[in-house]
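Only one structure is covered here, and it is reproduced in the block below.
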Amino acid sequence: VKLSTEEEQQTIGMQLLDNVTNCLYFALCVLRRQRHLFAHLDIKSLGVVLHNERIHCLDMDLKSYLETIYQYKQSLLLDKSHTIEGTATIQRSFKNVYYQEDKDSRQHFTSNNEFGAFKTQRDLFYKVLKVWEIQHLNRNWNFSQELAMKIRDIFKQSENPINMAHFAKLFVAQLLISASDAASPEDIGLDIDAEKFSKLAQRLVAPSNFSVDYEFPRNQAFFRDFITEARSIPFIEQLKMALYSHLITLNNSTFEQTNLYMGDNRDADELVAVNEKGENSEFIVRPETLASMIILAKFLGFVTAYPYSQYLRNAPIAGSIEKKQLLLRSLFQPHFSISQHLLEAIRNNKMLITLPWLVQYLAMLDNITLQLPDVTETTQLLFTLYTQIGYNSSSMVLTPTTIFILRCCLGWLLDKKPIIAEKYFIYRATQKPMSKDNNHECQTEQQTLIVDLIMARQKEDYAGSSNNVVVMSNNKNLHHEKALNPILESLLTVACPFLAEFRVAIMPSKYATKKYVSRTGRYRHITTRIAESQPSAANSPAHRAHKPNSNALNSQKMQQNKIIDAFLQSQNASMRRLIEFISDRVYKSAVKDGQHKFILPAKSNADKLVNEIKTSNVDEVFKNLTNIYENAYEVACSQWELNIPKLVDERITMALSALLPTETTPIVQTIYSQLIRQNAMKRIQQWFNDNLQLSSFYCGNLSEITQKICKANRKEHQSSSTSVLEIVQFTPSVSDILDELQYFQHLTSLRTELLRADASDIVSFLQRIPSAFVNTLPTTFYRLIGAGIVQILQHLIKHKPTLLTADLMESACSVWLNQKFKAAINTVAAGRSMKPDNVNKNSNKEETVPKDGSDEESSSSTSVDIHKTPSIYDGLITVAFIESLGGDNNRFEKLKELLVFMIKKQVISIDKVNVLFVPIFKENWPVNVLNEISKTLQGIADETAMCSDIGDNSEGSDDGAKSHLFMEVLADFSRDVDNLSFY
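In structure tokens:
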């Protein structure tokens, strides 16, 4: 009896809804009871609701409530203090991904070839992206036809797993940059309708198949099509890992998370402590971070389901086939468990972080994937969550806006995937009404955990952390209080992008009556402001005077096209194919002939002129390059326009005479020729305009070529200046000088007994050397002579210290101080140390050529250039030389005399001597050797202390004093180093 009564009541209720008036009344009651949901809409959606003319049909209480909420939301937008800290300072991303040396350098690849292949792949990827950015708005442009082969060329370079891993990371980084680079009305700076702007941008970027392209708006369409055309299994697998890794990093990053109730950043690790104190803790992220996570999840789902849904998007699958596929795919576990991420988000109260991207990921999967065990378990958890957050929400810790966002995301998933909606209805049918006794019946362990986690949290007082709005109805005793959080308001549009469809669906009908929207509720017809202003301009006298001529031309052209179409239709199919074939062949052959006869010769002449540029001045080289290529472009254009029509006519005549029968009348043959010429010339002109542009004619980047030419000219000038040999005086002979230099090196090192007692032979030889500098010699000769003299002096100190006289040292210094010798040595030093393209902007002092004739840095504080040519004096003090001296006091005394003499003659500076001595302290020396080194340094410091302006390199007397002080420190250190003990 009870059952029949319930059935009768249900039947009566359905009969009441057969009446339109009852339906309207029922809908009005539902809106009145659910009006709190309107308070959680974003301000744009709420504004569209208020502009709907049907809102005036509602009662005054509801309208007043909505208007109050709308006004309060507008006031929240003006209050910048409630926004997430740091949001206003977010910088817009750069267009391309920067090269990261710590991740993409050579050591991160298996070989040099793979490293070079990755750099090529990177360049090709950005070329493809550039082409897409320029061409994708053209409705006649096809992605597959234009870019498919270029994309596959990227993976022909290498499909090494390491390369693919780097390329996948680059792909993901560029995806996030490009997806967040879409222009908004605020970025443009225009006061325009944001809704119309969004729809217009959507139409321009998504040219076909609206239901599919809407999933990948704006720049996301490029990355979707790139994945589709790549056809590379290694890339797809690495892309899955890169997407998932980046997604989970953002999801678990405590740095990105903010505690909604604390007002400051509190990471997720503090959640346990917060809960123990009884405080509310609900974690969110910035809108930009949430948007990136949703994009990553979308493409992760797309890549995961692509092999199974590429050709089955709109085609149904038979039940038996679906069961077999499900059985086979169930044998392989998924790469990651999404149910664990959901449970972790619920435990840590991070549902606003995880649930939006998880829903987006599930929405991209195919029906079979949605039936796999892990996904099925996840959907069951979502069903439990969807039921619990909608039941007795006043006892929950979640804010009303949070509940609204979560339920919107889950509701959108049910609407997006009918198979999930069917399972949800089955789930609800098996559930009993909620009560404390049967709350855990018919639930899995994880579902029970969700219920316990949610129901155990009691809602705290939100007065300190939320903004309350009190709306009074006509009944003064009735108050409706809603908590509106502006931080969650900013997350609403990001987590629920599908609210845009809701706004379009309820837009005012006055737009729909004028065909601004189609039956699907989306804009189809766009009228620009320029087009709207045309009627007033059309009434002007000038327009009326020009209008007859314009109409006459258009009418004449239309008539001509109709005549051509009629003529072609009168011909048989083979003749029409013949005309089309000849037009195509004439077009291609004329283009190739033009390239070989006019374009390539112009390029060759331009290259010859470019190679003749000898200057290294950047401005002058750039100006010459511009003039050369502009002249080459003008020559090529003039020759093209003058000769191509003749070539086309010749080929058409030859083709028609060879392919047409002899009985063809001349008038018909002339018509054929005109039609072919018209089609061919149109395509030739189009090719010329597309491929020969002044900005990129024969060269990709003028600035880059300018830098290369300047660099090559500098290098050539330096090499020519250091390798010139010009003999003016044959006595003494340069070859004799070098031969005698080698002879004395041999004597001083091995046959010292053959030397004269006063070393007059060596002195005489050194005095003859400067006379050979009258000739123009290569720099190598100067360096060879200078280094050879240093070796002779070292050998004398080791084997015959008594032969190192003042006359000999004077003769050696006269060679080193020769003006030509100094100029040659300093030219090498300046050429190797100065880098025109890489100027050190942080240095406070200019690098100048040393006054002492050496080719070293001006001070010891200058950083050493590892690419610099070694100085001829670098071998004067070495570890091997000090070892050869042993502990002999006479030898060290001669070394001190030589160094003091060279410093006083300004051959080398005190700074240079310090630099030469510092490396020898890396060795462990005997005590007697250290004492001799200390005496030598102290003697040098004492004897050169009173010398003014020695080796200071125009840096002032302070630098000289510091150098002497440093030498004294070295002397003390070498004397006391044996007494030091280190712990």
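Position 144 (the sequence shown) corresponds to 144 in UniProt numbering; numbering is contiguous. Where is the CB? At the ideal position from N, CA and C, for every residue including glycine.
Within 10 angstroms of the beta-carbon of M351 lie 16 or more other beta-carbons, which makes it buried. Look at F216 here: in three-state DSSP terms it is coil, with no helix or strand label.
V285: member of the beta strand (DSSP E) spanning F283 to V285, first to last residue.
The beta carbon of A971 sits closer than 6 angstroms to those of S934, L937 and Q938, all from its chain and outside the five residues before and after it, given in chain order. A distance below 9 angstroms separates the beta carbons of Y361 and A297. DSSP lists F283 as the bridge partner or partners of N259.
Minimum Cα-Cα distance from V359 among the listed residues K127, E810 and A495 corresponds to A495. If you look at D153, you'll find it in the alpha helix (DSSP H) that goes F143 to Q157. Per the C-alpha coordinates, the member of P645, E580 and K896 positioned closest to P801 is K896. In this structure, DSSP gives M364 a state outside helix and strand, which the three-state scheme calls coil. In the displayed model, E663 falls within coil according to three-state DSSP, outside both helix and strand. As summarised for the segment 733-801, the continuous alpha helix (DSSP H) elements at least 4 residues long and confined to that stretch are 734-749, 760-768 and 779-799, given in chain order. Looking at E704, L410 and E159, the one whose alpha-carbon comes closest to that of I233 is E159. Short of 8 angstroms from the beta carbon of I628, and not among the five residues preceding or following it, lie these beta carbons of its own chain, in chain order: A606, L609 and V610. By the CB criterion at 9 angstroms, N348 and F302 fall outside the cutoff.
Taking every protein chain shown into account, the CB of N924 has fewer than 16 other CB atoms within 10 angstroms, so this residue is exposed. Exposure of Q678 is indicated by the presence of fewer than 16 other C-beta atoms within 10 angstroms of its C-beta. Counting other Cβ atoms within 10 Å of its Cβ, Y25 stays below 16 and is therefore classed as exposed.
Closest in alpha carbon position to Q742, among R576, G788 and F973, is G788. Out of H799, L796 and I737, the CA that lies nearest to the CA of L777 is found in I737.
Between D123 and V97, the alpha-carbon positions lie close to 12 angstroms from each other. Ranking L796, C637 and F223 by CA distance to the CA of K603 puts C637 first.
With respect to the 9 angstroms criterion, A117 and F171 are not classified as neighbours on the basis of their beta carbons. Burial is judged here by how many other beta carbons sit within 10 angstroms of a residue's own beta carbon; H166 has at least 16 and is buried.
Of the residues T615, I134, I910 and S292, the one whose Cα lies closest to the Cα of R714 is T615.
With at least 16 other beta carbons inside 10 angstroms of its own, H341 counts as buried. E716 and S871 have their C-alpha atoms some 23 angstroms from each other.
Counting other Cβ atoms within 10 Å of its Cβ, V668 stays below 16 and is therefore classed as exposed. In the displayed model, L352 falls within a helix according to three-state DSSP.
In this chain, the alpha helix (DSSP H) harbouring S178 covers P161 to A179. Taking the Cα positions, T430 is about 44 angstroms away from N219. Separation of L808 and L766 (C-alpha to C-alpha, rounded to the nearest whole angstrom) is 8 angstroms.
Take the alpha-carbon of H746 and the one of L876: they are about 18 angstroms apart. Cβ contact annotation for E114 (same chain, cutoff 7 angstroms, sequence separation greater than five): S158, N160, I162 and N163, in chain order.
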